[in-house]
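Residue numbers (our numbering): 402 to 687.
Note sheet for the following structure.
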């Protein structure tokens, strides 16, 4: 991995830990029966959550009941909102439009393996709870010998529409052209499953996604392998409408409890995620 490869991701998350950090309360006990005392603004509220249900192992349909959403984020939401004492409702949509659904008030929260960036922080408030890396998936055997981000010039590359990974490939393509090499041919898609199929059938040479997702996919699809990965200072969080500070704090408090009692780690283990990815809860407002 080169320094420039790191810089492509770094410039997309510049300032991620420099400003807008908020404190969270010390871990206490879940007390859903004390909703009126702790969070009176949430009395009678059903929290509308925007998600794709297409980002295994975070949110995806239960194979035994396709109307039921499971995954690490889904289980974590069940834990968090039960702790707060409010019901929640999943609203499915395309990833690229989910932040807008929050800013426009159609959803209160977007919770679907969402990477924090300063640009996103200007639109919505974040509760950070997980560290993230970036994985690069290829066909088994790595036929194009992809070994670094610098090596993808001229290749067919793929990422989900509206993601940090899409932006990183576009930035890398500009660097390729600047160096006199062919631009990347970027293909975007609406869900991870579509991208995985394109890699397996050879239409895409390499796909970029969250490292946790990459590890999960490799365990389920023997035709895929991890070409390489980049460890970065990226973080995953729940995005909350800037007009809902009480909900923001309530989610942060409940996540803090889930970390203190081991619930979040147990959920990560259940879905094959490294429990070391658990990141101390942090509020970011910009």
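Note that the Cβ used here is the ideal one computed from N, Cα and C, for glycine as well.
No experiment lies behind these values; they were computed from the predicted model shown.
Classification of residue i by the beta-carbon crowding that lies within 10 angstroms, buried from 16 upward
i, result
"residue 533", "buried"
"residue 602", "exposed"
"residue 655", "buried"
"residue 674", "buried"
"residue 709", "As displayed, the chain neither begins before 402 nor continues past 687, which places residue 709 out of reach and without an answer."
"residue 683", "buried"
"residue 420", "With a pLDDT of only 45 at residue 420, under 50, the local geometry of the prediction cannot be trusted, and no value is derived from it."
"residue 467", "exposed"
"residue 491", "buried"
"residue 525", "buried"
"residue 645", "buried"
"residue 536", "buried"
"residue 685", "buried"
"residue 688", "Absent from the model: residue 688. The displayed extent of the chain is 402 to 687, so no value can be given."
"residue 569", "buried"
"residue 672", "buried"
"residue 695", "Nothing can be reported for residue 695: it is not among the residues displayed for the chain, which extend from 402 to 687."
"residue 628", "buried"
"residue 475", "buried"
Expected contact under 8 Å - CB spacing of residue i and residue j to nearest Å
i, j, result
"residue 626", "residue 543", "6 Å"
"residue 497", "residue 593", "Wrong, their Cβ atoms sit about 13 Å apart, outside the cutoff."
"residue 687", "residue 559", "With 8 Å as the limit, residue 687 and residue 559 do not qualify as a contact, their Cβ atoms being about 31 Å apart."
"residue 495", "residue 433", "In fact, because the Cβ distance is near 32 Å, the residues do not count as touching under 8 Å."
"residue 641", "residue 652", "7 Å"
"residue 443", "residue 578", "Not really, about 50 Å apart at Cβ, beyond 8 Å."
"residue 550", "residue 566", "About 11 Å; that fails the 8 Å criterion."
"residue 499", "residue 511", "4 Å"
"residue 517", "residue 636", "5 Å"
Contact under 8 Å by Cβ, residue i with residue j
i, j, result
"residue 459", "residue 509", "no"
"residue 481", "residue 638", "no"
"residue 585", "residue 556", "yes"
"residue 624", "residue 541", "yes"
"residue 680", "residue 531", "yes"
"residue 472", "residue 436", "no"
"residue 470", "residue 454", "yes"
"residue 607", "residue 538", "yes"
"residue 581", "residue 503", "no"
"residue 477", "residue 665", "yes"
"residue 583", "residue 554", "yes"
Problem - Contained beta strand (DSSP E) runs [length at least 3] in the stretch 511-552, N- to C-terminal order - result: 526-540
Problem - Any 3 or more C-beta pairs closer than 8 Å across the stretch 584-591 and the stretch 659-668 - result: no
Exercise for the section: Tell me the start and end of each unbroken alpha helix (DSSP H) in the stretch 437-522 that is at least 4 residues and wholly inside, in chain order. Expected result: 473-485, 496-504 and 519-522
Practice task
Would you be able to state if there are at least three C-beta pairs under 8 Å between the stretch 607-616 and the stretch 627-634?
Solution key: yes
Problem - In chain order, each alpha helix (DSSP H) run of at least 4 residues that lies wholly inside the stretch 592-622 - result: 593-601 and 612-621
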